[in-house]
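Numbering (the numbering used here), first residue to last: -4 to 443. Beta carbons: idealized from backbone N, C-alpha and C, even for Gly. Given the structure is predicted, the values throughout are model-derived calculations rather than measurements.
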Ligand SMILES: Cc1cc2nc3c(=O)[nH]c(=O)nc-3n(C[C@H](O)[C@H](O)[C@H](O)COP(=O)(O)OP(=O)(O)OC[C@H]3O[C@@H](n4cnc5c(N)ncnc54)[C@H](O)[C@@H]3O)c2cc1C
């Protein structure tokens, strides 16, 4: 990482979300010089905690998943162990009832009724004898694993709302790791050791920091050092010479020479900012990548509590919301005494009719959906706030792996570039994956 005159080159990190911040964190640990460039006036990307009067709430239902012991150890150290274990269930709202998600046989038996339960079990038990469809799309995948009954009740409708595409047009990779748990082992664990043991078996341990998920990003930003972070710095051009990124342009005016570049800004945007413009083939592929955006409607309530869940999913297409969570259930400090709040998520595309709705109409819409289900009474609503997130979910369509392979092959041709993160690498990643990937990138940067 020395330049021709023998001095150390800056690592230029594009984007100050979790991927950019954790890359900076590991660079700082190795004493490598770096600067993070973030377009917004704050870092944290789509993983932030917002404030409204005495309430705090996150940009969506974020939890820290204890899936990678190395990352967990690092996070506990950074937060000086100020994280609490969350043992509340993730649930799905079905026909006025709450079904645990990931599914488990005992809980489904209680909530579905015996006829549907027997039918769904029969479908799952006989899956070995059914030929799996040759087309590896999400619809075929879930029907094979869960059978028609559970797929139709909970999975296909929910996924179509979340991704805005037919499940037959989506890759089975959108399943992530949550669609597990419907096994005899889970049944026994729940029966013998209770629901908490079942949650741990299916999801793993979930943790939440005091004062919101965004605290993780704030603490990591502190470790990076404010002198190494430039906010209000939008990357507007990436100048290259076909095998190296030479300069970046910031806010359309400033041109900076680069050392090693780690990009976490949306992959399609990165390619479109390249100058000279890449081939038509690369450009068309980049432009065909799509992200799902997200509207968050937070309602502040004059009421002690609403739910007993970590979060609740809504597969029913009648409702625009896909998920709610109650921040106070994650940490008491998220709402003042005697009051609570609910954060509702509405996935959509920027520019959709719903995206363009006025904030007061969105607050009204979510209030009436929640009150029609009996969750709240409109008289309890003290206030509401709407937030809009860009690039929340990379849409993994049937051809996405080929597209990403093509774009990666092209970008691998640049000696001083790495791409990472959920938006930067266009992968359906969680925070622990992102943090581990950042460490690997910094470890791989040649120091001498
Ligand atoms: C609703 C929701 C809930 C989630 N829940 C969890 C969870 O419970 N647990 C978990 O582990 N993960 C969760 N995730 C996944 C993941 O942790 C987050 O998506 C995370 O924010 C991704 O980080 P990132 O840095 O890759 O992207 P982003 O957070 O999108 O950050 C990218 C950054 O780049 C900046 N940027 C973009 N363009 C430019 C430009 N031209 N110039 C400069 N800066 C630019 C953006 O402003 C942004 O700050 C969740 C994601 C969402 C959307």
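Is the beta carbon of residue i sitting closer than 9 Å to the one on residue j?
| i | j | result |
| --- | --- | --- |
| residue 341 | residue 292 | yes |
| residue 422 | residue 399 | yes |
| residue 9 | residue 215 | no |
| residue 11 | residue 316 | no |
| residue 509 | residue 31 | Because the chain is modelled from -4 through 443, residue 509 falls outside the range shown and cannot be assessed. |
| residue 240 | residue 96 | no |
| residue 384 | residue 290 | yes |
| residue 411 | residue 254 | yes |
| residue 108 | residue 259 | no |
| residue 294 | residue 248 | no |
| residue 307 | residue 270 | no |
| residue 287 | residue 387 | yes |
| residue 45 | residue 59 | no |
| residue 155 | residue 312 | yes |
| residue 115 | residue 103 | yes |
| residue 144 | residue 111 | yes |
| residue 163 | residue 135 | yes |
| residue 133 | residue 310 | no |
| residue 267 | residue 278 | yes |
| residue 298 | residue 222 | no |
| residue 437 | residue 70 | no |
| residue 220 | residue 23 | yes |
| residue 36 | residue 209 | no |
| residue 379 | residue 354 | yes |
| residue 61 | residue 428 | no |
Under three-state DSSP, which class holds residue i?
| i | result |
| --- | --- |
| residue 80 | strand |
| residue 426 | helix |
| residue 321 | coil |
| residue 232 | strand |
| residue 407 | helix |
| residue 116 | helix |
| residue 250 | strand |
| residue 226 | coil |
| residue 164 | helix |
| residue 213 | helix |
| residue 99 | coil |
| residue 396 | helix |
| residue -1 | Note that residue -1 scores 48 on pLDDT, short of 50, meaning its location in the model is unreliable and no value can be drawn from it. |
| residue 483 | The shown model of the chain, from -4 to 443, leaves out residue 483, and the question about it has no answer. |
| residue 438 | helix |
| residue 375 | helix |
| residue 50 | strand |
| residue 336 | strand |
| residue 331 | coil |
| residue 24 | helix |
| residue 43 | coil |
| residue 417 | coil |
| residue 390 | coil |
| residue 431 | helix |
| residue 383 | strand |
| residue 62 | coil |
| residue 92 | strand |
Considering residue i, what are the terminal residues of the alpha helix (DSSP H) in which it resides?
| i | result |
| --- | --- |
| residue 366 | 354 to 367 |
| residue 139 | 133 to 145 |
| residue 348 | 348 to 351 |
| residue 413 | Where residue 413 is concerned, there is no enclosing alpha helix (DSSP H), although the beta strand (DSSP E) it sits in stretches over 412 to 414. |
| residue 244 | Here residue 244 belongs to no alpha helix (DSSP H); instead the beta strand (DSSP E) covers 240 to 245. |
Just curious, the beta strand (DSSP E) that residue i is in, first and last residue?
| i | result |
| --- | --- |
| residue 170 | Element bounds for residue 170: n/a, residue is neither H nor E. |
| residue 85 | 85 to 89 |
| residue 150 | Here residue 150 belongs to no beta strand (DSSP E), and DSSP marks it neither H nor E. |
| residue 8 | 6 to 9 |
| residue 29 | 29 to 32 |
| residue 221 | Run containing residue 221: none; DSSP gives neither H nor E here. |
Any heavy atom of ligand 2 inside 8 Å of the beta-carbon of residue i?
| i | result |
| --- | --- |
| residue 424 | You won't find ligand 2 in this model; what it holds is ligand 1. |
Would you say residue i lies against chain D (beta-carbon separation less than 9 Å)?
| i | result |
| --- | --- |
| residue 353 | No chain D is part of this structure, which consists of one protein chain only. |
(request) Pick out the complete beta strand (DSSP E) segments inside the region 257 to 320, 3 residues or longer, and give them in chain order. (result) 286 to 296, 306 to 308, 318 to 320
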